[in-house]
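Participant:
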């Protein structure tokens, strides 16, 4: 696998880690903002070991309307969305780029050469 494909894949993993850190920073501010709404919305806390709560928290961050009166929360939500959506795109592009590096060149230019050797031993001595 080419080094560029590996770098793209690990950049996607890093983007996913940054998005989780941003979601961790956004969750308390989002909870405080949504509790003031009418009707109040319950925001689950950030917990990596509770997948249903994490799914709900990520879904809230991805679908919440951006608040105009709270610029820090707005910027955190935008950054979370950006890194969360960039992660799978980077990983998939790394995998596609890695698979294209192993493809043979077109028009038979990279045909394999038979390098097998045969040893023939005659039963009669020469000469």
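Residue numbers (the UniProt record's numbering): 1 to 127. Quick reminder that beta carbons are idealized off the backbone N, C-alpha and C, glycines included.
Excluding five sequence neighbours on each side, which residues of the same chain lie with their C-beta closer than 8 Å to the C-beta of residue 26?
Facilitator: Taking the first residue of the chain shown as 1, we reach residue 26 at position 26. Excluding residues within five positions, the ones whose Cβ falls inside 8 Å are 61, 73, 76, 77, 80.
Participant: Compare the Cα-Cα distances from residue 59 to each of 68, 45, 97 and report the closest residue.
Facilitator: Working through the chain shown from its first residue, we reach residue 59 at position 59. Answer by Cα proximity: 45.
Participant: Can you tell me which of 120, 43, 15, 121 puts its alpha carbon nearest to the alpha carbon of residue 30?
Facilitator: Within the chain shown, the letter at position 30 stands for residue 30. With distances taken between CA atoms, residue 30 lies nearest to 43 out of 120, 43, 15, 121.
Participant: Please determine, among 98, 5, 118, 12, the residue with the shortest C-alpha to C-alpha distance to residue 83.
Facilitator: To locate residue 83, count along the chain shown from 1; it is residue 83. Looking at the Cα atoms, 12 is the closest of the given residues.
Participant: Quick one: give me the first and last residue of the alpha helix (DSSP H) that residue 13 is part of.
Facilitator: Walking along the chain shown from the start, residue 13 turns up at place 13. Element bounds for residue 13: 3–35.
Participant: Identify whether residue 81 lies in helix, strand or coil by the three-state DSSP scheme.
Facilitator: On the chain shown, residue 81 is found 81 positions in, with the first residue counted as 1. Correct three-state label for residue 81: helix.
Participant: Quick check on the DSSP output: the alpha helix (DSSP H) that includes residue 63 runs from which residue to which?
Facilitator: By one-based count along the chain shown, residue 63 stands at place 63. Unbroken alpha helix (DSSP H) run through residue 63: 51–63.
Participant: Taking all protein chains shown into account, do 16 or more other C-beta atoms lie within 10 angstroms of the C-beta of residue 9, making it buried, or fewer, making it exposed?
Facilitator: In the chain shown, counting from the first residue as 1, residue 9 sits at position 9. Residue 9 comes out buried.
Participant: Which word fits residue 23, buried or exposed, when buried means at least 16 other C-beta atoms lie within 10 angstroms of its C-beta?
Facilitator: As a working mapping, residue 23 is identified with position 23 in the chain shown. Classification of residue 23: buried, given that the 10 Å Cβ count is 16 or more.
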